[in-house]
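Here's the structure we're looking at; comments come further down.
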Amino acid sequence: MKMTVEIDCTPLEARAFLGLPDVTTLNEKLVEEMQSRMSANISMLSPDELLKNWTAFGVGAQEQFRKLMDMGMAAARPK
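Okay, structure coming up:
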């Protein structure tokens, strides 16, 4: 036997029915904290800052790659 039950209720009503805690205030605090952090760090998304970060990483990565190749060449040289 197969039975299907459809219940039409809001999430708040479902939580209350199942005995789950009301997390509305916790959710509001969490969203507020995320918004404040995003507002504080929004300047990091400016094109100037992004390019500055990307080029700094690129130059460092190129230098590390060059050192790795130099070490490989030194190890491959006959003694």
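Numbering (the working numbering), first residue to last: 15 to 93. Ideal placement from N, C-alpha and C gives every residue a C-beta, glycine not left out.
1) When DSSP labels each residue in this structure, what does residue 33 get in the three-state scheme?
2) Have a look at residue 77 and residue 84 and give me their C-alpha separation to the nearest angstrom.
3) Pull up the distance between the alpha-carbon of residue 46 and that of residue 88, whole angstroms please.
4) Taking just the CA atoms, how far does residue 20 sit from residue 42?
5) Quick check: what's the CA-CA separation for residue 49 versus residue 59?
6) The alpha helix (DSSP H) with residue 48 in it runs from where to where?
According to the data block:
1) coil
2) 11 Å
3) 56 Å
4) 30 Å
5) 15 Å
6) 38-54
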